[in-house]
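K.L.:
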Amino acid sequence: MQTKYNPGRVIIIAEAGVNHNGDIDMARRMVRAAREAGADYVKFQTAVPELVISSIAPKAEYQKETTGAGESQLDMCRAIHLPLSDYAGLKALCEEEGIGFMSTPFDLVSIDLLAEVGQDYFKIPSGEITNLPYLRRVAAVGRPVILSTGMSTLDEIEDAVRILTGTHDRYPSQSRLTRDDIWVLHCNTQYPTPMNDVNLRAMLTIGERLGVRTGYSDHTVGIEVPVAAVALGAGMIEKHFTLDRNLPGPDHKASLEPHELAAMVRSIRNIEQALGSAEKQVSVSEAPNIEVARKSIVAARPISKGEVLTEENITVKRPGSGISPMRWDEIIGTAAVRDFGYDELITL
Numbered sequence: 288m289q290t291k292y293n294p295g296r297v298i299i300i301a302e303a304g305v306n307h308n309g310d311i312d313m314a315r316r317m318v319r320a321a322r323e324a325g326a327d328y329v330k331f332q333t334a335v336p337e338l339v340i341s342s343i344a345p346k347a348e349y350q351k352e353t354t355g356a357g358e359s360q361l362d363m364c365r366a367i368h369l370p371l372s373d374y375a376g377l378k379a380l381c382e383e384e385g386i387g388f389m390s391t392p393f394d395l396v397s398i399d400l401l402a403e404v405g406q407d408y409f410k411i412p413s414g415e416i417t418n419l420p421y422l423r424r425v426a427a428v429g430r431p432v433i434l435s436t437g438m439s440t441l442d443e444i445e446d447a448v449r450i451l452t453g454t455h456d457r458y459p460s461q462s463r464l465t466r467d468d469i470w471v472l473h474c475n476t477q478y479p480t481p482m483n484d485v486n487l488r489a490m491l492t493i494g495e496r497l498g499v500r501t502g503y504s505d506h507t508v509g510i511e512v513p514v515a516a517v518a519l520g521a522g523m524i525e526k527h528f529t530l531d532r533n534l535p536g537p538d539h540k541a542s543l544e545p546h547e548l549a550a551m552v553r554s555i556r557n558i559e560q561a562l563g564s565a566e567k568q569v570s571v572s573e574a575p576n577i578e579v580a581r582k583s584i585v586a587a588r589p590i591s592k593g594e595v596l597t598e599e600n601i602t603v604k605r606p607g608s609g610i611s612p613m614r615w616d617e618i619i620g621t622a623a624v625r626d627f628g629y630d631e632l633i634t635l
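Numbering of the sequence shown is given in this note's numbering, commencing with residue 288 and proceeding in unit increments.
1) State the beta-bridge partners of Asp505 as determined by DSSP.
2) Which residues in the same chain have their Cβ closer than 7 angstroms to the Cβ of Glu336, if we skip the five residues on either side of it in sequence?
3) Within 7 angstroms: the Cβ of His307 and any heavy atom of the ligand NAD?
4) Please list, in chain order, all residues of the same chain as Phe528 whose beta carbon is under 6 angstroms from its beta carbon, the five residues on each side excluded.
5) Just the Cα atoms here: how many angstroms apart are Glu594 and Leu635?
6) Following the continuous alpha helix (DSSP H) through Met613, name the residue where it begins and the one where it ends.
7) Measure the alpha-carbon distance for Thr290 versus Lys604 and round it to whole angstroms.
8) Taking only runs of the alpha helix (DSSP H) that begin and end inside the stretch 295-343, which ones reach a length of at least 4 residues, in chain order?
9) Over what stretch of residues does the beta strand (DSSP E) that includes Gly387 continue unbroken?
10) Along the alpha helix (DSSP H) that carries His546, what are the first and last residues, could you check?
11) Can you give the beta carbon distance from Ile444 to Leu497, rounded, assuming they're within the 8 angstroms contact cut?
12) Per DSSP, what are the beta-bridge partners of Ala347 in this structure?
13) Do the stretch 381-400 and the stretch 323-330 meet, that is, are 3 or more Cβ pairs less than 8 angstroms apart?
14) Around the C-beta of Gln461, are 16 or more other C-beta atoms found within 10 angstroms, so that it is buried, or is it exposed?
15) Just to confirm my understanding: we take Ala334, look at its own chain, exclude 5 residues before and 5 after, and list those with CB closer than 8 angstroms. What are they?
16) Are the stretch 405-420 and the stretch 431-448 in contact at 8 angstroms, needing three or more beta carbon pairs?
17) So Ser504 and Leu472 are in contact, right, with Cβ under 8 angstroms, and what is the actual spacing, rounded?
18) Is it true that the stretch 484-496 meets the stretch 512-519, where meeting means three or more beta-carbon pairs spaced less than 8 angstroms apart?
19) Which term fits Gly502, buried or exposed, when burial requires 16 or more other beta carbons within 10 angstroms of its beta carbon?
20) Using the DSSP secondary-structure output, state which residues sit across from Val571 in a beta bridge.
So, in structure tokens, the structure goes:
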């Protein structure tokens, strides 16, 4: 895949995450489903659960609702993560299928593993935006970065961007990145996100304040919010999907099924075309309708040659193939060059 950004085309990431439930065959099926839906990338989540989650870490409320409260967060994640050895094969499958591969690392070991496997972008999840050792390690890899911003303030996002670019006075890092290498995705980390908490306009504020490319990582139900984000100017969209929303696991309920993912991709591609350029001009499709919809100056009654044209004997009607009504003042008071019948186009 190419890392160069095409401003006219939104990058669409189908977030498989851990919706494979730790089953490599299901993960492979998700690669193919994302490609068939038209996504640019399929993205997984890579972690060594013991390096990410302590034994006393509680589940989020949405995780309790979807997977129960009986097991710990650590035990839940142990059951749904793939072993590190599976990711090279997933990347190879993506190359065969013609879709970009990405995976979000959640610990330093996973960062190093994915740097070796290779991917166009390193995705930083919202929970790591205040993890200094993590940010430094990603910055050192030197690949373009996608930064999700759920649960964060603008100042925290700015700190993370400065660490990633090696420009933070307080938190130095070894980085080869510039702000042009960084995408910042507006995000809300609730599954699903209530509509009144989406706050899409914050995406615009992020771009204006930080001088970075912006997009949107969506956790709402449905597809209208990511489509709206594209209309607002998002250049990248990330959306969770699953093969079946009824599968067990923490993220399935807030995910799209394959046919819905395909509908989102189609809608985004339509909006891309609809946005067009900033120039207002007559389009190719509407040009033939000018003559039909606009009007010309016509005879309001029979007019004899030499008769003076007045507001009583001429009027304005369709079609627009004659003299434009914009010339009304020029025509009034002139003499008819010939006889004109009722509704006939006036000529000079």
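We treat Cβ as the ideally placed atom computed from N, Cα and C, and that holds for glycine.
What you are looking at is a predicted structure, and each value in this text was computed from that prediction instead of being measured.
P.N.:
In this structure, then:
1) Numbered from 1 along the sequence shown, position 218 holds the residue referred to as residue 505. Paired residues: Lys526.
2) Taking the sequence shown and counting its residues from 1, the one referred to as residue 336 is at position 49. With the sequence shown as reference, residue 336 is identified as Pro, and Glu is not the correct amino acid for it. Leu361, Cys364, Arg365, His368, listed in sequence order.
3) With respect to the ligand NAD, the structure offers nothing, as it holds no ligand at all.
4) Start at 1 with the first residue of the sequence shown, and residue 528 comes out as number 241. Counting only Cβ-Cβ distances below 6 angstroms, and skipping sequence neighbours, we find Ala301, Ser542, Leu543, Leu548.
5) In the sequence shown, the residue the question calls residue 594 occupies position 307. In the sequence shown, the residue the question calls residue 635 occupies position 348. Straight-line Cα distance between these residues: approximately 13 angstroms.
6) What you label residue 613 is simply residue 326 of the sequence shown in a count that begins at 1. Where Met613 is concerned, there is no enclosing alpha helix (DSSP H), given that its DSSP letter is neither H nor E.
7) Residue numbering aside, residue 290 sits at position 3 when the sequence shown is read from its first letter. Residue numbering aside, residue 604 sits at position 317 when the sequence shown is read from its first letter. Confidence at Thr290 is low in this model, with a pLDDT of 46, below 50, so the placement of that residue is unreliable and no value is reported for it.
8) 311-324, 336-339
9) Position 100 of the sequence shown, counted from the start, is the residue given in the question as residue 387. Note, Gly387: beta strand (DSSP E), 387-392.
10) As a position in the sequence shown, residue 546 is number 259, starting the count at 1. Residues 545-562.
11) Position 157 of the sequence shown, counted from the start, is the residue given in the question as residue 444. Position 210 of the sequence shown, counted from the start, is the residue given in the question as residue 497. Rounded, the Cβ-Cβ distance is 7 angstroms, consistent with contact.
12) Working through the sequence shown from its first residue, we reach residue 347 at position 60. Answer is none; Ala347 lacks a bridge partner.
13) yes
14) Mapped onto the sequence shown, residue 461 falls at position 174. Burial call: exposed.
15) Position 47 of the sequence shown, counted from the first residue, corresponds to residue 334. Closer than 8 angstroms at the Cβ level, and outside the excluded window around Ala334, lie Cys364, His368, Pro392, Phe393, Asp394, Ser397.
16) yes
17) Numbered from 1 along the sequence shown, position 217 holds the residue referred to as residue 504. Numbered from 1 along the sequence shown, position 185 holds the residue referred to as residue 472. Yes, they are in contact, since the Cβ atoms of Ser504 and Leu472 sit about 4 angstroms apart, within 8 angstroms.
18) yes
19) Residue 502 sits at position 215 when you count from the first residue of the sequence shown. Buried, since its Cβ has 16 or more Cβ neighbours within 10 Å.
20) Along the sequence shown, read from residue 1 onward, the residue named residue 571 stands at position 284. According to DSSP, which records beta bridges pairwise, Val571 is partnered with nothing at all.
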